[in-house]
Every structure is written in C-alpha cells, then in structure tokens.
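Chains as they are written, first to last, in our numbering: chain A, 416 to 787; chain B, 68 to 720.
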C-alpha cells in the first residue's frame, strides 16, 4: 500500500505511536489483527479447513492418492475433485471403482499410496473391499467406531468421509459467492459514490431493488427451472443477491474519500477518473468493505446448510454438512448425524464472524481504541 | 353395519410418484399427488382440462327404452349384494386366534410369525356390539389436507379417506378386490346376460344429512354432472365415461346402459353420488362447484349421504367427522348397523417424525410407518406403551421408468443392461431394511392376473450389463472413461438424468443407481423435483428416466392406460401391438381363468421388453393404538377396500 496516498486519520494515528517510519495502513491493520487472539485462532481454523478441503481425497477416500499400475503413475484420487480426472484406463480395465482388489488382481507388481482412511463419501463400504475392515453398518447401527470415526448414516455411508469432503462445498460456497458479491458490490458502489449525480441515483435504486429479492425463493425457483442445478448455480445466486450491503458501504466510503485532499491532488494532476477510482480511492475504501464480506461468507455457509437441510441443496449425492443434518433429522436417535455436522457448521460460521470482528477492530481506529 | 364402502372410484391404479405415506422426510406432495384414477396429471388446477381430454360434448342424447321392454330382452342375472363386514366376520369365524388378547398386546412385532399372531387377535372384527366403545373418538393421521370435500372432485388419497366416510355409494369391493353392491344402500343388483345393462334397486330408507331422501334421481343427476365437460372433475370421470346413459325409472330403480359389453363394466357403474336438490340450481350459476359463495359454504358443510358428516374443518390442521344418526336410524328404527366411532378426527401432520411423536404421546391413534421408522424407531418401550404395529402385503410396485424415445433407452439391450446393473440386494437390505420384496413385473406374484411361473427378478451382474452395452454400440470410443455412441454423426455421451420426487428414500434408490452406473461408465444425474412439476414433466414426456410406483387397481384392465400404445399414463412411450390386443381381449373375456391367462401373457411380454426396471413391492406398515381392534390388510392396505376402516373399533377402556 505504500504507493498510494494514505488517508489522513490513519496516517496520524500510526504516526502518533511510531515516530520513526510510518508502517502503512495494511501493515498496521495486520499488526493490530495479530494481537487479537480469538481472531487469529479463527483465521488459523479457516486455514485448517482450507487444508482439509484440499487434502480431502488423501484423508478419506477409496481411490489411491498415487499408484503405479502397468508401469505408469496415476493419481486416481483426483477424481473426487473432478470425475473426468480419473484415468480412463481404469474404466477400460473394468475396475468398477474398486481399486484395492483390482490393482492387485490386474497387475500384481502395482503399488499404491492410500488415503488415511478407506471410506467413501458417496457410497457404503462393503465386505471384503479393504482387508481387515468390516462392511459399514447401516440403519441405526452406525454409531461412531474404529472404522467410522463419526459413525455412518442410515445408508451406511461414512459420516467422517462426508464431512471431510463436505468441507470443500462449505468453503467454496463462502468464497465464491462472496467473491462475486464483493466484486459486484465494490464496483457498483465505487461508481455510484465517485461519480455521484444521476449515476449514483440509478445505482442506488438498483441496489434497493435487488435488496428486495428474497434469495431463498430465487434459489428454489432456479432449482425448478434449471435442467441440471449444481452447487455453482446456488453460489451465483447468493453472490448476485448478496452484494447490496457491500455496495452501500463502498458508496459511502467513496462519497467521503472523493472530497479528500489526495483525490483533489490527483485530479489536479490530471489523472483520469478510472485511475483515481481504482488506484487511489479503492485501496483506502476496502477496509470497511471487507467486514461485511467476511460476515457474508458466514451467512452463505448457513444458507447452503439450510437449503441442504431442507433437501434443496446441491444435487444428490452431495456430501454437504447440511445434507447430513437433514438425514439426522429423520431419526433423532442417531445423534452423531446431528452433533458432528452441526458442530462443523457452528465452528465455521463462528470463525468467519470472529475474523470479521477482528478485522473491523483492526481497521477502525475508533473501535480499536475503544477495545483497549 | 358397514360405515364406509370403499367405492370403486378409489379402485384404480394410483401413480405413486410420491406415494401414500411409506416414505420419510418432508414430503407433503406425497399423497396429495396420488390421484385415485386416470391420469396423474389430475393435479392440474381445477378448470384446466387434462391433456387428451375431449372438449366436445361428452354425453350424446339417448332415448331409453321402457322398463318393460328392457325386462323382456335383458335376461337379468343377479349380481352380488352383500355386507363386507359380515363377510369378514364369516371368514374370521373359521380362523382361530393364535394367542390371547393380553399376549398379543404384549408381543413385539419383530418377525412375520409374530405379525400373524398379532393380526390373528387384534385384527378380529367385533362379533358383538358389546365389544365396541360406541362413544369412542379416533384420531387418524393424514399427511396432507384435502382440496375439496365434494365427492366428485376427489383426486387424492386424503380426499378418498374423507369422502369414503361422508359420501354415499352403492358399490364396493372386498379384500380380494371382488366387486359387489353394498346391502346397506342397495336392495338388488342385476346385470343383463350380455352385460350391456345393469339394474339397481335402491333401499327406500336412505336420507341425506339434511333429511331429504336419497333417490335414483340423485344418481342420474350426478352422472350428468360428471359428464358435463364444463365441470372440472379431476378424476372420477374415467370409467364413468364408458357408460352410455343412466336412467331412473322410479325413485329407487336405476338402470345403467353400457356402450360395450365389457368385463370392466362392473367398475364403471361405480362413482360417488352428490345430492341433486343441493346442486341442481347452483351448478347453473357456478360450474366449478367451488367458486360461488354457496359452494364455498358447502365445501365446509357439505350435505352428506354417508355415515358421517363434517362437523369442523380447520384448513391445514384437522377435519372432524361426526357420526350421523339419520344414517343408521330411520323413522325411529335402526335400519343399519351403528358406525363404531362417534367422531373421526383427521389430524394433518406433514412431518413423519412429528407424527410419530404424536402417536407415541397418544395424540393420534394410527399412522403409516416408513421402513426406517418400523425398524428403528418403533421398537422401544416408549412406542409399545400405547401402541402396537402390524404389516401386510401390498400390491404397490416401484420401478425405474425409461423413456423409450431417448437414444439411450430405445434399445432393449440397454434397458436389459440397466436391469443387470442395479444392485437390488443393497437396495432391499440396506435402504429398505429388508422389509420389501423384489418385484418382477406389472402384476403381483400370486395375484390371479399374474403368471403362475413368472420369470425370476433380475439380480446384479455387471459383466452381463457391460456386454449388453458393448453389443448395443455404447462403448468408450473417445477414451474418456464414459461410454458413448455415434448418433447422427455426432458422438453422444451416455449421460442422462433421472427425475424423482423430493423424498429421501426415493432419492437414495436413484443415488444407488448412479453409483452402479458409474461403475460401468455411465453418468446418471439424480434430479429431485417437486411432485407437481414432476407430474407435469411425466405427462409431457419431458424426462429421460424417472423413478416412481403404481398402486394396484382393483381390475387389471385399469393398467391399460399405463401400457397401451399412446395411452395417457404411458409416460415412456412403450408400445407393443400384442399387449394392446391382449388388453382388448381381456376386457371382453368374462371367464376369470381365461382372463387371468390373458393378463399373465401381458405380464410376460412387458417383462421381456423391460420398459421399466422393476424394483420392489412396498408393503403396508402401520402403527395402531392398543385400544384399536379389527384392522385387516388387503392388497390396497388396511383402509382402502371393504370393510377396511369401517371394521375398526375401539375397545371399552
């Protein structure tokens, strides 16, 4: 950030504490954020979730992470990210998605590195698939045990595997939808706030109109209309309707900043308005906008879980946390179907809220000082 | 004595895209969307004509002969008139209870043996009025609200349940699905030798709930109303439209004129009756029977011809029926047996889990259980404190429907590959807790219309499935791990969608199919859709594959519109000339044995063609309060036949 002209009050605040070099706005914010233990713990937790999501196929799966088969190396576990990434040789050799037995049978010299747990988020493990591991219990028999850490659901699908793979959905929903909402919100807010006049008038009215659209109803309508509704459609809708508060904050920030000295200076130097908006004003207006985005991620996760809970989530079989909750709702005796995914949703939402709060305090000097 | 006759208009096959109640999860579309008769598209709002329905005049004028002329040529033959409750008593008199009542109430229903024991005792109908508590109230569970209380606007199970108790009818059928006229309302029933005419003489001690007598003119009026194309009759017109005319020769004698001499004519005479004096004038002003103020009032307070009247209706919550004294009393004398319950309350509870809680607390007295509830949630002391449970065989089959006009399923080899690909064992043992039986064709094994030596059900064999797909040209040509085939110069991937109602159990079956097909290089996308939309898509043939079920009709002929070429419920475009011909012959054959052989042939032909992949039969599973007695099961469950609900009573506390 040092290349931009810092806003006056932040500059003064940091200058008061550090007499030698000014630290810059973002560096200062980060320093402040780091001092907040809860917020940092939350950030670490989200980092952990990202790690889990990325490594999901290596944590729980039925496909080898790496295997050597007929003299070549393959990575079948990638199929969990995209089914098309599974090498067709395994189809041609009629593996039928059962690797352990077929690898040995069809190429005795093959070797493979397996995921930590031999469990699948999409199907029940049956007898004899993995040496020494019994078939997954189904019905109400699936309480947590050595092989099914978090138990199994009614169909006998492992809950732990579903939760690990469901992390991807939970994170994606938050990041993608709020990324989209942030992009739309900041762009429209910036234009409205900086240009003012009729453009502001028009954009503000559009914002108000979008605010009136109920997200849930729109998603339900979409599921009925679209031929193949996927989780991406849902993210798009949450994103396209969730940008309004971001736009309003961005607009307010721009209204304030466009009258500030550094903007007037830039204008006096003859800098064009797009450059002023995106290069000079935007970086200084970002801080207050980041806060609703973080909270938005939390609420997007809740919306997705809520939809899956009601049975309108991503198309089945989807290992989403909300879907697990839904199957738990059908039989209250299966507490593990409610406890673990419920806890996961709670923690994820809490983490984002804590981050948002920390960010708010770290970037707003008034709150920061009040917190002392 | 019998309270509610199960009228034959509830007797035809029911599309169970969502089914009665044997399913878990929030499926309020379930029953609500199970029209009893004709096309499942009857879900369309009142006033919208069904696709394929004729808009022209449905009834040509007809000049009936005089009764003397008719009597001279008809050669009348008497037809069965009886009381199904008496018949049930006679049947049970020959059976001995296997245990005592106290023992039966202590039993836990964990095996077929124990189920038989429980039913042999608690399923016995009352032989003596002293056994029953006539002041009892029964709280029944209903998944959905009714849309109309007018009998001729009936289209869902919820409505059948209400109108079966409040409506007036002349015909019914017993637990073997044998048709008969009920002696409670009919004095005699005769059919001409050629089956072209039916003559029914009504009893003269029948009144509507407003005190006016029920006469033959009500029947004629109802028939003409049903056949009035402007009246939005959703379901009961089917079958009734096969009648040529109905004429009332006096207040009690009515003759049905048929268009053709058919074995199914015994079902066609059968439809619900509405009072002429109530609707004659109002119908002229409001043909919808629903919109005018007068009709709106009648909706909540209909004039009833059955054993019960509606005393309270809170939409979305409950419907209360009260026993009607003028039903069993006439001029100060008891002329019919007194219905057992003083009050029948239908409590509307959508969520099966909440319903089960209500049952355990004694707030409702009966409910249908899904397999998960039967196996895991009704086994503890808490459940057996107030309740017990029983099950029976039901002829309701479920299957995957393939659309034969798609490039995938037009080939019989592909359809057979599908049948080999599916893991039936996993479905039956794991998804349905081992409670359902495999299905192997359109008629239930052992029913009179099913073949004596039917082909065994398919079992999973992925090698055969892959071989068949290879033979059909579906191979992986482009090496992406997915089967494909060149169609019209374009390489088409084997990727299709299967539509299914948003009911967890059903979705699980489709997910299992997806898993199995993925093993052999086929992508199957499971698409749960809200039931009304699903119905629409099926009617318009806008689907590639679907999962659904059919309840049994009382006569095999009712499934013609599922299998006949171009028929309205033939969603998947199945066509086999021989099957069409056999249905035609079956309708005209009067000998039960020869008829059975014709339908058995249809069963075999359709099974060979595999337009569906037949999966399983869903049995009935019900929980009953321990005070209830007299429940027996038919192929249509414990209620929807004669005596059905009317044999159930509560013992004195």
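Positions of the beta carbon are idealized from the N, C-alpha and C atoms, including for glycine. Small disclaimer: the values here were computed from a predicted structure and weren't measured.
- The beta-carbon of residue 539(A) is placed less than 8 Å from the nearest beta-carbon of chain B.
- Taking 8 Å as the upper bound for CB-CB distance, residue 200(B) and residue 717(B) are in contact here, some 5 Å apart.
- Residues of the stretch 726–745 of chain A with a Cβ closer than 9 Å to any Cβ of chain B, in chain order: 726, 727, 730, 731, 732, 741, 742, 744, 745.
- Along the stretch 544–560 of chain A, going in chain order, the ones with a CB nearer than 8 Å to a CB of chain B are 553, 554, 555.
- Within the model, the alpha-carbon separation for residue 454(B) versus residue 687(B) is close to 17 Å.
- Collapsing the DSSP output to three states places residue 677(B) in coil.
- Counting of Cβ neighbours within 10 angstroms places residue 627(A) among the exposed residues, the total staying below 16.
- Assignment of residue 523(B) by DSSP, reduced to helix, strand and coil, places it in the coil class.
- Classified as exposed, residue 657(B) has fewer than 16 neighbouring CB atoms from the shown chains inside 10 Å of its CB.
- About 3 Å separates the beta carbon of residue 339(B) from that of residue 218(B), a gap short enough to meet the 8 Å contact definition.
- A Cβ-Cβ contact shorter than 8 Å links residue 721(A) with residue 737(A).
- Between the stretch 556–571 of chain B and the stretch 525–544 of chain A there are fewer than three inter-stretch CB-CB distances shorter than 8 Å, so the stretches are not counted as touching.
- By the Cβ neighbour-count rule, residue 275(B) is buried, with 16 or more other Cβ atoms within 10 Å of its own.
- Comparing alpha carbon positions, the residue from 368(B), 197(B), 130(B), 660(B) closest to residue 517(B) is 660(B).
- Interface annotation for the stretch 584–603 of chain B against chain A: 585, 586, 587, 588, 590, 592, 593, 594, 595, 596, 597, 600, criterion Cβ-Cβ distance under 9 Å.
- In the structure shown, residue 250(B) adopts coil according to DSSP, grouped into three states.
- Closest by C-alpha distance to residue 630(A), out of 547(A), 655(A), 623(A), 566(A), is 655(A).
- Residue pairing for residue 487(A): DSSP places it in a beta bridge opposite 484(A).
- Residue pairing for residue 565(B): DSSP places it in a beta bridge opposite 593(B), 612(B).
- The DSSP-derived three-state label of residue 504(B) is strand.
- The Cβ atoms of residue 628(B) and residue 635(B) sit closer than 8 Å to each other.
- Bridge pairing for residue 387(B): 379(B), 412(B) [DSSP].
- Nearest Cα to residue 673(A) within the set 663(A), 658(A), 691(A): 691(A).
- Taking a C-beta distance under 8 Å as the contact criterion, residue 605(B) and residue 613(B) qualify as a contact pair.
- Per DSSP, the unbroken alpha helix (DSSP H) holding residue 591(A) starts and ends at 574–610.
- Around the beta carbon of residue 699(B), 16 or more other beta carbons sit within 10 angstroms, so the residue counts as buried.
- Annotation note: the stretch 163–208 of chain B contains no uninterrupted beta strand (DSSP E) run of length 3 or greater.
- Between residue 615(B) and chain A, the shortest Cβ-Cβ separation is not below 8 Å.
- In this structure residue 732(A) is buried. Its beta-carbon is surrounded by 16 or more other beta-carbon atoms within 10 angstroms.
- By the beta-carbon neighbour count (other beta carbons within 10 angstroms, threshold 16), residue 459(A) is exposed.
- Below the 7 Å Cβ cutoff, chain B contributes 543, 546, 547, 548 as neighbours of residue 503(A), in chain order.
- Among the CB atoms of chain B, one or more fall inside 8 Å of the CB of residue 511(A).
- Here the alpha carbon of residue 700(A) sits roughly 11 Å from the alpha carbon of residue 608(A).
- At a Cβ-Cβ threshold of 8 Å, residue 159(B) and residue 191(B) count as neighbours.
- Neighbours of residue 684(B) in chain A, taken as residues at a C-beta separation under 8 Å, are lacking, since the least C-beta distance is about 20 Å.
- Among the residues facing chain B, residue 507(A) is included, as its CB has a counterpart in that chain under 8 Å away.
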